[in-house]
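Right, one structure below, let's go through it.
Protein chains: 4
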Amino acid sequence: MKKVGKLWGGRFNVLPSQEIIDFLSGRDVRGVSACDERLVSYDLWGSRAHAMMLCKRGIISPRDGKKILKGLREIDSLYRTGKFKLDPSKEDIHSNIESLLISRIGIESGGKLHTGRSRNDQIALDMRLYLRDQVLEFGDGVIQLIEALLKRAGEHRGTVMPGYTHHQHAMATTFGHLLLAFAEGLQRDQQRLEHWLDIFNRNPLGAGAGYGTSFKLDRNLTSKLLGFDGPTENATDPVMQRWEPEADLAYAVGVMMNHLSTLAQTFILLSTREFGLVRLDDRHCSGSSIMPQKRNPDSLEVIKAKAAFAQGILTSLLSVGKGLFMGYNRETQWTKYWIMDLVDESRPALSIMTDVVKRIRVNKAEMLEQARKDFLGATALMEWMTASFNLSLREVKTVVEKAVRYSEMEGLEEVSHDSLKRALQEMRIEVSVRKKDVENVQRPEGWLARAQSIGMPSEKRGQEGIASLNRRLGGARKVLTTRKRGIEKAKELLSKMERTLGR
Amino acid sequence: MKKVGKLWGGRFNVLPSQEIIDFLSGRDVRGVSACDERLVSYDLWGSRAHAMMLCKRGIISPRDGKKILKGLREIDSLYRTGKFKLDPSKEDIHSNIESLLISRIGIESGGKLHTGRSRNDQIALDMRLYLRDQVLEFGDGVIQLIEALLKRAGEHRGTVMPGYTHHQHAMATTFGHLLLAFAEGLQRDQQRLEHWLDIFNRNPLGAGAGYGTSFKLDRNLTSKLLGFDGPTENATDPVMQRWEPEADLAYAVGVMMNHLSTLAQTFILLSTREFGLVRLDDRHCSGSSIMPQKRNPDSLEVIKAKAAFAQGILTSLLSVGKGLFMGYNRETQWTKYWIMDLVDESRPALSIMTDVVKRIRVNKAEMLEQARKDFLGATALMEWMTASFNLSLREVKTVVEKAVRYSEMEGLEEVSHDSLKRALQEMRIEVSVRKKDVENVQRPEGWLARAQSIGMPSEKRGQEGIASLNRRLGGARKVLTTRKRGIEKAKELLSKMERTLGR
Amino acid sequence: MKKVGKLWGGRFNVLPSQEIIDFLSGRDVRGVSACDERLVSYDLWGSRAHAMMLCKRGIISPRDGKKILKGLREIDSLYRTGKFKLDPSKEDIHSNIESLLISRIGIESGGKLHTGRSRNDQIALDMRLYLRDQVLEFGDGVIQLIEALLKRAGEHRGTVMPGYTHHQHAMATTFGHLLLAFAEGLQRDQQRLEHWLDIFNRNPLGAGAGYGTSFKLDRNLTSKLLGFDGPTENATDPVMQRWEPEADLAYAVGVMMNHLSTLAQTFILLSTREFGLVRLDDRHCSGSSIMPQKRNPDSLEVIKAKAAFAQGILTSLLSVGKGLFMGYNRETQWTKYWIMDLVDESRPALSIMTDVVKRIRVNKAEMLEQARKDFLGATALMEWMTASFNLSLREVKTVVEKAVRYSEMEGLEEVSHDSLKRALQEMRIEVSVRKKDVENVQRPEGWLARAQSIGMPSEKRGQEGIASLNRRLGGARKVLTTRKRGIEKAKELLSKMERTLGR
Amino acid sequence: MKKVGKLWGGRFNVLPSQEIIDFLSGRDVRGVSACDERLVSYDLWGSRAHAMMLCKRGIISPRDGKKILKGLREIDSLYRTGKFKLDPSKEDIHSNIESLLISRIGIESGGKLHTGRSRNDQIALDMRLYLRDQVLEFGDGVIQLIEALLKRAGEHRGTVMPGYTHHQHAMATTFGHLLLAFAEGLQRDQQRLEHWLDIFNRNPLGAGAGYGTSFKLDRNLTSKLLGFDGPTENATDPVMQRWEPEADLAYAVGVMMNHLSTLAQTFILLSTREFGLVRLDDRHCSGSSIMPQKRNPDSLEVIKAKAAFAQGILTSLLSVGKGLFMGYNRETQWTKYWIMDLVDESRPALSIMTDVVKRIRVNKAEMLEQARKDFLGATALMEWMTASFNLSLREVKTVVEKAVRYSEMEGLEEVSHDSLKRALQEMRIEVSVRKKDVENVQRPEGWLARAQSIGMPSEKRGQEGIASLNRRLGGARKVLTTRKRGIEKAKELLSKMERTLGR
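Chains as they are written, first to last, in our numbering: chain P, 1 to 503; chain W, 1001 to 1503; chain L, 2001 to 2503; chain Y, 3001 to 3503.
Next comes the structure, spelled out in structure tokens:
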């Protein structure tokens, strides 16, 4: 009895990596874990900071504080070693942890952990800690993709290709300049992530159920212990608008996914048999269950699906946040599931695209060939005539339009000297143009060499564009590093205070 | 060492049922299974029908056919007894089942199952079978909710309450009439579900990868064996538009969830301390982790979240279906996850709301009391004056508006005889109105008794509204029953043919 | 001093028609008229039916009735001759008309028109009348587009072209079969429009402010006079859910625009220089303000924009309809503007696309040429080997995959006899394949001739697909005609009753 | 013959202002002007800067430059005096202006204006200039609303009211603290607007059709003359992503409208007869066409509609920006109409809400009364017992929950001494609580006085919250002022250069 392996793949040199297989198979054969699994370590961190503050403020005794902190650290260990599983009969992560703590250290001490807080500020805290880490991870991913784009852009700063508008040949450009355009978009994505941190890296702990507490909390201390820039300044606001940090991230991700989806669509088209300008690495393609010859750009198509998903999640988040009543509304609980799904779906898109960019093969010969076709040099000719004969661009344009039409009628793909002369004559413009010039001027390399202003696709300007983006990338890297250092320091400070309290 | 149970609940007589707890806790502590788990039985059914057809057509031999069908039935048994688990290393359900079949009966026979089909038509088939069952289940749920509404509407067809517009007291109505309004909306939801069946209960199997096959398939036979009204009539269409049956269901669910969300919001407001007109059963409420007195209408708030979710999913489905290229596009795979999530999230909302409606307590005394306040009878007075004195409504309205203003200045909540006289005088309208009439006419019961046209809130008309809806409900029930019988018959026919083949 | 005309166009043989210019220039240079302009004739019709009913019921006197009806007819004449303009200082169309009526016939009679109704049911009525007409117009437009598709599908039922999946060459198909796929989708759009009529062609007049009236209205009569299937059966429902008829149309339009957008995107790609399989007529293209050679498929791109717009409008409609409170909510007024904008934007898309389909030129030679490339016949070869040698498809697929890879290494675009033999040997399958067969079997025409099951792209089946759709189209035409006749009859009846009353 | 005025209003002391009437009547009786009307002055400014740069660079002669600049200034004058109307037969604003210029100064000079640019970068420029002004205007509006909120928050920093969660009485708060919560949200809206300026105040002029030009442009100079921070750094990016500045503004507006909608919904509920805690000014309400007593909070309901609209527009913008192909795509033209509609619809919402906040009347007595009801002090009691007897909060909570239940059974609305003793006994907690303390502790004023941590609703902390926000507001004002000054300076510089050139 014979066996068979994969349902396709006989044609491929390299099969997809596990990461890509996971990316493509989506949730067909893999489930999604309980959302609060992702919050365990954040909830414990928040509880430790809260307990430490209660202790320092004298709201609970050092003895109770020590017991609670020890208990929480033990639960943390259990969790890290896979011995703490969420119990679905307890409503949520908060109840799970508090119940376990109480069962381990007793209600007399354990029952004091929740003093001066509510699940409303607790989950707002957990989510901000979770979202902050996601923002930083997205930041890393965006930077890596920009780096890959800049590297390839550098290699291809002189690789001439047709620039398109409306899916039609427009003017000459370079492949490097194209990659740079996407890098610019991603740099704005990076700015949106930084902006999230500017707005939302503030500590909601202490907001209670939305109206605070009569216990004298030290919200500056918990902010410090949790790596925040400071406490939120109104107790009701973060509880009432518990969809806004989620929406801001969803929007930033949505725009980023749109950028990726346009890059994906561009690569899909450029890699068709018909365009034939780039070739995806085998590992980003998959085969068919029946067609033996297929090599499908699945990774890129999936990215488009995820862009559509981001739009849907954002719609849900904005819809839930419309027309609430003052204070907490339970419907905002669902924002947790939505943003987590979006994070899970979209985060891998960055590394997949980074890999695609790194490995994509470029058909330079065909690119140059195509850049000479379909009257791609007509604009260059028009600009040259305008400049050379001090004519009005409007008139020259009409001339060249006519010349294109006559040349097309002759079956040509660039403006011929004859048709240009005919057009000039018709328009009664008396200038003398040499055949050689007409030909040379339409060559894409020549036009590119002349496109020297800021942002243009000449090799020199491309190099400057790369340098400029590299400078800004340096700034972005620094922001991320500083943020991460701040978080690490907060954790270290809490641990140190725990040790001191322990003595 | 003392223990503690739930973090809240000391105030409650009845705690939420497990169904409600699950509904409220969402995905906090429960994960989501792999999507293809939901498709196992559909995929097997489709494969059995396909194999039977291949056999009947002589495309595979009876010997191979028997082996394949036996193998598929065995996998079905394994699945039913929990012994068949999806292997994540195989891409999807189709690969999982085909691989297992091949490993059990060998590639010589097992390798023939996929003859004349592709994963593209296979998943289109699986999804239609899955979606059809969901549509039928939603149909059952909608009917049950309408039944509950009609029952309570019958009980409260005479329960006078204030009708609101713009959140303000407008005119008298009954609680029964209000429930009936929602029943009408749900009946349209039912029609949308029926419409889904009219459009999409057609068999895509045979579409292959979107361009058919050279094997001579009998698509009418597979349609019959799978309970379809017939085959889809173009191979490319169902593969290219693989988001449309999903979108149609998402839209139907979206409108339905909007109906539920408005019913939810209405109950939330009517049950506030301030309105105090209805009281939710304890089991639909939950408590707070810190405020001992809380009784929150969480079930209803969650329904609003799920309405927002439906909107987001629909957005994603429509966005992914925009501007595709001819044939299959991989991004449509994601529609599977989206619609499954939506089904999972929204289906329980119907039974929760049915339970809420069944158990909601009505404060009839307060309703009547409120219906006498805030000039609720002013319109009745206006209509009565218009009719009694053959005046122009526009003039009378101005009179009553003035009378309301004067009465309000006196601190009254209904139009006084004096203020009416003053207004009439001012407007120079000479009619003589008796004090007793002015008072009587403003009583809500009187006005309601006079509201006798179709669809109006009088008790008699309410009764007719219930009867009308009951008639239409009978039709809806019959549609569902007929559809379900059709599906059962198809399954029986396939089993019978398998037995015959086996002989 | 020389002059210049259009900024582009020198290259074009035919310039866009005014309809297309309007379609493309969008709202750049054209404003949008006040929304209620579109409602004038509906509001007058509704008022006439209402006044007639009041008269027949004896709620107003025949004398008042006659005056009112005469006044309304006069306003209608003024409107038709452009002499009635909306006065912005009056809030809306209802106030405008009622005020004008009163100023013309006096408040004693004119002030009675509003007896037994409210602006809430009045606008609900106006919108249903408006929407019904739009639904019928969309229906006409969809049918015309289907007709155009069927006509071209008939011409090209034998025009072989590559079928694509994932933007890659997949299997052979015909251009006619492709057009038919879109016609099928549009037929579902037609069904959705019919469904709208089934659900919403009911008369809300009499719902008042949402709670009816004490006047004894004859809602069956007004329903008859306005061409409705009957009155809505609950006064609150149509006022509370004043977003749902709008949303249902927006959804139907949204799906339809998605169908058009995918057809548009398919034409855009097929008409690129690189694909070169179709050519749009000049009149659907536009030029550039600087690039003399451009011929951009603007009409098709704009259709994609409008598909995105439909999605947004649907989002707004569903968002506004979420979590309302019982009765009327002012926010639903905005649904009027949204749906009117959507209608204005999307209605022309149908006729533009119909024109595109009618005029598109097909490069049959290139289509056939491409259908022979890129291993398009590999699946045909696999199916043929499976059938001919009674092999398992799975094994044959692996063989052909390998053969594709070896042939590709040789620079070929179809499977060579040698590579197939090598693959068979490697897989230890001992069958003897003739070179001639290997070649013939891969020819697209041969495979197409064998694709004979329902829905497949062979010429014969294509013909049957066209016939099937033509039959269904006949049914659709009949539905529209019957609906339109019903509306005409209602208008005639009202006029007749007015004449009788006048005597 | 008598006349009648408005269809309602007899009950009102103050009728709505024209601004509010316009806000409420929406587009019923007012049309929308052509979109490019809004761009005339931006397009002229851009053309002047471009012409000046061409001149300085020697691309056109000083003579041509002077003629062009003079011509453009004349068109500007015509426009300002209403003598320049868009001609719909010309496609857009760019063609309109260029044609007019050419007809006035001849094609020899006028035909040179378009040298080195394309309509693609021209419209990208116009939109950035337009959007920048809108962002600044929104910024002004947001600041004014925050100021109004802070002023009223200051007045009501001691106005005790019930805080709600889940629409239920939760804990005591102040009206001032509630207003402050919304002010905090708006301050984030302000930050999003600033962020827009950080990202998008860059000059796209020079991008041409997306691939630049061979003319040697001085993009730094045009940036300076147009008040930009500098040129965009890649020619393709701003043309390809022509939806992104629009989407960023739509998102910022969407979140802001959500904030307003929640404030609106809160005011709507608090102003119902049932809540009775605030009263809207007459001018923000409207009446009914039939119910004489109505006073509807229409202004606030309309704001909710506009929040839904913002969500829809954002959906369209993101949908159109998904999966584009490299370079310009015509569908992005529609982003212009969408964002302009959103701006027109949402900008007035800020000033309307500012007016609502300024004029809203607060029922302090009823607020205090309500704050003593429904066990609002139960949490205060729990916190006090926890603190006073060094008990575990978890245990005390169970005690108080039971006590609430027992008190409720006695028909009370606050925890009685007896029920508390009973609960303590049941839980076997031996502490002695005095009746007087139980009563005092539950008083809202007392609890509020103790809520002293950052962000809490005590009067003192409220004052600090106001001060903190005032500080941040100062920063925001400075950002706006600086930006506006920058724009003015750019205009002055251009005028000065024109004068110099003129000499």
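C-beta atoms are modelled at their ideal positions from N, C-alpha and C, and glycine is treated no differently. Because the structure is a prediction, the values reported are computed rather than measured.
Can you tell me whether Y/N3203 is buried or exposed? The criterion is at least 16 other CB atoms within 10 Å of its CB, across all chains shown.
Label assigned to Y/N3203: buried.
Between the stretch 470-479 of chain P and the stretch 176-192 of chain P, do at least 3 Cβ pairs fall closer than 8 Å?
Cβ pair count under 8 Å is three or more, so yes.
So P/T315 contacts chain W; which residues on that side make the cut at Cβ distance below 7 Å?
Near P/T315 (Cβ distances below 7 Å), the residues of chain W are Q1311, G1312 and T1315.
With a 10 Å radius around its C-beta and 16 neighbouring C-beta atoms as the bar for buried, classify W/P1062 as buried or exposed.
Its Cβ having fewer than 16 others within 10 Å, W/P1062 is exposed.
Is P/V14 close to chain W? Criterion is C-beta to C-beta, closer than 8 Å.
No, because no Cβ of chain W sits closer than 8 Å to the Cβ of P/V14.
Taking Cβ-Cβ distances shorter than 7 Å, what residues in chain W pair up with P/V35?
The residue you asked about is not Val; residue 35 of chain P is Cys in the sequence shown. Near P/C35 (Cβ distances below 7 Å), the residues of chain W are R1027 and D1028.
Residues of chain L with a CB under 9 Å from the CB of P/I454: which are they?
Per Cβ cutoff of 9 Å: no residues; P/I454 is ~19 Å from chain L at best.
In the DSSP output, which residue or residues are listed as bridge partners for P/P162?
P/P162 pairs with P/A172.
Closer than 7 Å by beta-carbon distance: list the chain W residues that pair up with P/G230, in chain order.
None at all; the shortest Cβ gap to chain W is about 24 Å.
Assign Y/P3238 to one of three DSSP states: helix, strand, or coil.
Three-state DSSP puts Y/P3238 in a helix.
Mind checking if Y/L3482 is an interface residue toward chain W, Cβ cutoff 8 Å exclusive?
Here residue 3482 of chain Y turns out to be Thr, not Leu, going by the sequence shown. So, not an interface residue.
Ignore the nearest five residues each way along the sequence and tell me which others in Y/I3102's own chain have a CB closer than 8 Å to its CB.
Closer than 8 Å at Cβ, skipping near neighbours: G3110 and G3111.
Tell me the DSSP secondary structure of L/S2286 in three-state form.
If DSSP states are grouped into helix, strand and coil, L/S2286 belongs with the strands.
Classify W/R1188 as helix, strand or coil using the three-state DSSP reduction.
Correct three-state label for W/R1188: helix.
Cutting at 8 Å between CB atoms, please list the residues of its own chain near Y/Y3211, excluding the five before and the five after it.
Around Y/Y3211: A3235, T3236 and G3327.
Under a three-way DSSP split, which group does W/N1329 fall into?
Looking at W/N1329 - three-state DSSP - the assignment turns out to be coil, as it is neither helix nor strand.
Looking at chain Y, is there any beta carbon in it that lies within less than 8 Å of the beta carbon of W/S1223?
Not one chain Y Cβ lies under 8 Å of W/S1223.
Measure from the C-beta of P/G254 to each C-beta in chain L and report whether the shortest distance is under 8 Å.
Taking Cβ atoms only, chain L never reaches closer than 8 Å to P/G254, which makes this a no.
Could you please tell me which residues of the stretch 2330-2363 of chain L, in chain order, have their CB closer than 8 Å to any CB of chain W?
Going along the stretch 2330-2363 of chain L in chain order, one finds R2330 with a Cβ nearer than 8 Å to chain W.
Any C-beta of chain L sitting closer than 8 Å to the C-beta of W/L1393?
It does; some Cβ of chain L falls within 8 Å.
Just the C-alpha distance for W/L1424 and W/L1391, rounded to the nearest angstrom, thanks.
Computed Cα separation, rounded: 12 Å.
Name, please, each residue of chain P whose Cβ falls closer than 9 Å to the Cβ of L/D2374.
Simply R273 and Q293.
Are the C-beta of L/D2505 and some C-beta of chain P separated by less than 8 Å?
Outside the displayed span of chain L (2001 to 2503) sits residue 2505 of chain L, for which this structure offers no information.
Terminal residues of the continuous alpha helix (DSSP H) containing L/Y2406?
L2393 to M2409 is the extent of the alpha helix (DSSP H) around L/Y2406.
Take W/A1250 and list the residues in its own chain whose beta-carbon comes closer than 8 Å to its own, dropping the five residues that flank it on each side.
So the list reads A1310, I1313, L1314, L1317, W1338, I1339 and L1342, once near-sequence residues are dropped.
Would W/G1139 and W/R1157 qualify as a contact pair, given that the criterion is a beta-carbon distance under 8 Å?
Not closer than 8 Å, so no.
At a CB-CB cut-off below 9 Å, which residues of chain W make contact with L/E2137?
Result: empty, since nearest Cβ-Cβ is about 21 Å, beyond 9 Å.
I want to verify the contact list: residues of chain Y whose CB lies under 9 Å from the CB of W/E1244, in sequence order.
None at all; the shortest Cβ gap to chain Y is about 17 Å.
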